[in-house]
Structure formats: C-alpha cells, structure tokens
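Structure, as structure tokens:
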Amino acid sequence: MGKDKRVLLNLLRQRNDSPEDQAAGWVAYLYSGETTEEGRSGFSRWLGEAEVHVHAYRHADLIWRNLSLIEGEKWTTRPIRNKSVGHWNSAVRKWKKRRTDAWPTRCRVLAAAGAIAATLLLMVGIWRMDTIPPVERQLYASVIGQVKIVILPDGSQATLRPESTIVAQFSKNLRRIELTKGGAYFEVVHDARRPFFVRAALTQVRVVGTHFDVTRWREGVAISVTHGIVNVERLPSGVGKPVGRESPWQVRLAAGQQAFTKPDGRIGVPSHFDPLTESSWQTGRLNFRDTPLNRVVQEINRYREVKVRIDGEALGEMRVTASMDGQETSKLLSALEATRPLTVEHSPNGLVLHPEAR
Numbered sequence: 022m023g024k025d026k027r028v029l030l031n032l033l034r035q036r037n038d039s040p041e042d043q044a045a046g047w048v049a050y051l052y053s054g055e056t057t058e059e060g061r062s063g064f065s066r067w068l069g070e071a072e073v074h075v076h077a078y079r080h081a082d083l084i085w086r087n088l089s090l091i092e093g094e095k096w097t098t099r100p101i102r103n104k105s106v107g108h109w110n111s112a113v114r115k116w117k118k119r120r121t122d123a124w125p126t127r128c129r130v131l132a133a134a135g136a137i138a139a140t141l142l143l144m145v146g147i148w149r150m151d152t153i154p155p156v157e158r159q160l161y162a163s164v165i166g167q168v169k170i171v172i173l174p175d176g177s178q179a180t181l182r183p184e185s186t187i188v189a190q191f192s193k194n195l196r197r198i199e200l201t202k203g204g205a206y207f208e209v210v211h212d213a214r215r216p217f218f219v220r221a222a223l224t225q226v227r228v229v230g231t232h233f234d235v236t237r238w239r240e241g242v243a244i245s246v247t248h249g250i251v252n253v254e255r256l257p258s259g260v261g262k263p264v265g266r267e268s269p270w271q272v273r274l275a276a277g278q279q280a281f282t283k284p285d286g287r288i289g290v291p292s293h294f295d296p297l298t299e300s301s302w303q304t305g306r307l308n309f310r311d312t313p314l315n316r317v318v319q320e321i322n323r324y325r326e327v328k329v330r331i332d333g334e335a336l337g338e339m340r341v342t343a344s345m346d347g348q349e350t351s352k353l354l355s356a357l358e359a360t361r362p363l364t365v366e367h368s369p370n371g372l373v374l375h376p377e378a379r
C-alpha cells in the first residue's frame, strides 16, 4: 500500500473523533476511488463495532449522495454564527488541519475527498437533532412496486412498502410518525429522552429504540416486532392523546410477537409470527402462508397498476400459501384461477375475482 493511503487509513482509525466525524471520513475514503482491500476490511470492522456507526454512516452517505459533485468544483466551508453548532465548526477545522499537515500535496483525489468530508461534517452537525429547532411535518412516499428506504432526521430508518406514505415530525423533544397509507418497517435509534411514536388510524405504537413493522389493512392495523419491545395503545377518536393507563385497550409486544387492531382501535390477542415471511417484501418477494385471499389481494395491489378486487366476503376468506417476486403478481392470479374455485374477470375498472359457479 502506498504512503498516501496509509496516512488516510491512520486518520480514519483515530477513535477520539465522534461517530459522525468517523463516518464522514469513511464516506470520503470509499468515494475517493483509491480504496484497498485492507481499507474496505477496516470499514467493515468499524461498521460492525456499534449500531451508532451504522446510523452515522447511513446519514453521512445520504448527504454525500445528495450533493452535486461536479468535477473541478471547489468546496469550501464557512463559519456558522449559530453558537449551538459551534462544536461542529471546531470539528471541521480539526479535520482540515489534519488533512493539510498529513496528506502529501500530490494526493489530489484524497485531498478533494477530505474537503468534501469537511463539508459533510458541517452538514451532519447542522442536521443533528439536538442543535435545531422543531421542524415542520415532512412527507415521505413510495410509488407502485417501489420499496423505499428513508433515513429520518434522527438517523432512524423507515423502509416503506410500495404505495405507502408517512408523515414525520421531529424536533429536540419529539419523534413522531403518522402512517397515512400502506406500511413501513422501522429501525429506531435508541433515545430514552425522546420516545418514538407511530400512529396509524386509531392505533399508536410507542418505542424507545427497536425494530418493528406497522401496516394498514382494510381490516385494521398490524404491528409486528422483530427486535426489542413496543407498546401498542388505542387513540380515542378525534383526540391526539392516548387513553390513560386505566384503559384495557393497550398491550406490550416483545420480539417475535404481532398484534392486529380493529378499525375502532381494539387490540387483538398477541401471537407469534414468522419474521422471514413477514419481512420478505423488503427484498422484493411476497411470501404468503395460510393468508386470507383478501389480505393477499391488498398486498399484490401495491405492485400493480391494474388493481384486483374480490366479489364476495366468503371468497376473501379463502386461505392462500404462495411465494413470488413482487413483479410477478399476474402469475399468482393465473395459478389461483387454475387451481382454486374462482374465476378472473377483466373489467374496465381492473380485475375481479368471482367465486366459481357451482
């Protein structure tokens, strides 16, 4: 390995920097075009050392990819007058001093990466939730057939199902998501001072730091927990605050448990679920195991321009077990028509599943 690369890797290995500083350095290194196997292995080790490293890197990488990187463009950082982010100015100056003192002048690509890393550090500092006032509501949405990953302002991640919408409101004292359509899987950064709330219809989920899924169906809301513990409670109709502790309409779910709530907010008895089946949509596959047809149709409609509906409640209760790519839902409908007592009608408003005439 050349001297230039060793110098950069030594800088990245310094543990006195904050996770945000380290993440910005790694992003600059990985995008420099001068990586080595040793460097990439070092990055993998750093990433696996702590969950905070993962979230810091996601945040830094997101900022990097949103920058307009034009070859030859000069990147500069200007002091910020706001005292609340003064420590970030200090971090930027420290990074730039290291770069100037340690890097050979001929290492142009890595020097440019370091300059952008300084800009990154400044931007990450500005975005840190303990330095900014309350923010306005931010809407995130996915389209038909799209699984969309969103990095939230606190570093938490939301993976949206196709045709889903969330509205986020974050501030120094608040972390709240409203799921207005579809579903999402949340990986929440731990913050005991700021509980993380997700609301869907009359259901509210409250966590401190965990991984869970919330999905809206016509029949109600499903909450599935893969890591940690969540509290599920009913919101009284028309009121933003949850019901009190005396209410019987609340439940605590642990990892491996899920619960369904009715349209009126009543919470069903918790049960265990198969995480591989429930989370397969995140990889683009749809797995159904003894699933009611009406739930199957709601799921595949997230991937289809031409929607499907069911004629009759009895047919909607038919159980289905199947596995397919999310882009191959038509094959499922053909298989159902060939093997089950139903017919598929092509109508001007989409496809209609009818019970087969006896």
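Once you know that position 143 of the sequence shown is 164 in my numbering, the rest is easy, because the numbers rise by one and skip nothing. Positions of the beta carbon are idealized from the N, C-alpha and C atoms, including for glycine. Treat the numbers as computed from the prediction; the structure is a model and nothing was measured.
CB-CB length for residue i against residue j, believed under 8 angstroms
i      : j      : result
Thr186 : Thr201 : 5 angstroms
Tyr78  : Ala44  : 5 angstroms
Gly203 : Arg182 : 5 angstroms
Tyr206 : Ser300 : 7 angstroms
Val272 : Val253 : 5 angstroms
Leu256 : Gln225 : 5 angstroms
Trp270 : Ile288 : 6 angstroms
Contacting residues, own chain, Cβ-Cβ under 6 angstroms from residue i (five flanking each side not counted)
i      : result
Lys95  : Low local confidence applies: a pLDDT of 35 at Lys95 is under 50, so the model's placement there is unreliable, with the coordinate-based value given in what follows. Closer than 6 angstroms at the Cβ level, and outside the excluded window around Lys95, lies no residue.
Val341 : Phe309, Thr312, Leu314 and Val317
Ile321 : Thr350
Arg197 : Gln190 and Phe218
Gly333 : Pro376
Pro362 : Glu377
Arg220 : Glu199
Val171 : Tyr161 and Ala179
Arg227 : Pro216, Phe218 and Asn252
Arg158 : Val188 and Gln190
Ala243 : Thr236 and Phe281
Ser163 : Lys169, Leu181, Pro183 and Ser185
Phe223 : Reading off the sequence, residue 223 comes out as Leu, not Phe. Excluding positions up to five away in sequence, the list reads Arg255, Leu256 and Gly286.
Gly241 : Phe281, Thr282, Lys283 and Pro284
Met339 : Leu314
Extent of the continuous alpha helix (DSSP H) to which residue i belongs
i      : result
Asn370 : No alpha helix (DSSP H) holds Asn370; DSSP gives it neither H nor E.
Leu353 : Thr350 to Thr360
Pro40  : Pro40 to Leu51
Ile288 : It is not in any alpha helix (DSSP H) - Ile288 carries neither H nor E in the DSSP assignment.
Leu297 : Pro296 to Glu299
Asn194 : Counting along the chain, Asn194 falls outside any alpha helix (DSSP H), and DSSP gives it neither H nor E.
Glu320 : Leu314 to Asn322
Ala335 : Glu334 to Gly337
Residues of its chain near residue i, where Cβ-Cβ distance is below 7 angstroms and the 5 sequence neighbours each way are ignored
i      : result
Gly13  : This structure cannot speak to residue 13, because the chain is shown only from 22 to 379.
Ile331 : Leu314, Asn315, Val318, Gly337 and Leu374
Glu208 : Ser177, Gln178 and His232
Asn194 : Arg215
Thr298 : Asn308 and Arg310
Thr364 : Glu358, His375 and Glu377
Ser245 : Phe233, Asp234, Gln279, Phe294 and Glu299
His248 : Thr231, His232 and Ala276
Leu51  : Phe64
Gln303 : Val168, Thr180 and Tyr206
Leu353 : Ile321, Ala343 and Met345
Tyr324 : Ile165, Gly166, Pro183, Gly347, Gln348 and Thr350
The beta strand (DSSP E) enclosing residue i, as first and last residue numbers
i      : result
Tyr161 : Gln159 to Ala162
His235 : Note that residue 235 is Val in the sequence shown, not His. Segment His232 to Trp238, the beta strand (DSSP E) holding Val235.
Val219 : Phe217 to Ala221
Gly204 : Gly204 to Glu208
Ala179 : Gln178 to Leu181
Gln225 : Thr224 to Val228
Gly241 : Gly241 to His248
Val165 : Here residue 165 turns out to be Ile, not Val, going by the sequence shown. Ile165 -> no beta strand (DSSP E), and no H or E assigned at all.
Ala71  : Note, Ala71: premise wrong, no beta strand (DSSP E); not H, not E.
Gln271 : Gln271 to Ala275
Ser344 : Arg340 to Asp346
Arg330 : Val329 to Ile331
Nonlocal neighbours in the same chain, by C-beta distance under 8 angstroms from residue i, ignoring five residues either side
i      : result
Gly371 : Val327, Lys328, Val329 and Arg330
His74  : Pro40, Gln43, Ala44, Trp67 and Leu68
Ala356 : Ala343
Arg239 : Asn315 and Gln319
Ser292 : Gln278, Gln279 and Ala280
Val290 : Ala280
Residue i Cβ short of 6 angstroms to the ligand SAM heavy atom set
i      : result
Thr231 : Although the ligand SAM was asked about, the structure shown includes no ligands whatsoever.
7 angstroms Cβ cutoff, residue i in contact with chain D
i      : result
Ser163 : No chain D appears in the structure shown, which is made up of a single protein chain.
Check whether the region 209-216 touches the region 282-293, counting contact only when three or more Cβ pairs, one atom from each stretch, lie closer than 8 angstroms. Too few Cβ pairs lie closer than 8 angstroms, so no.
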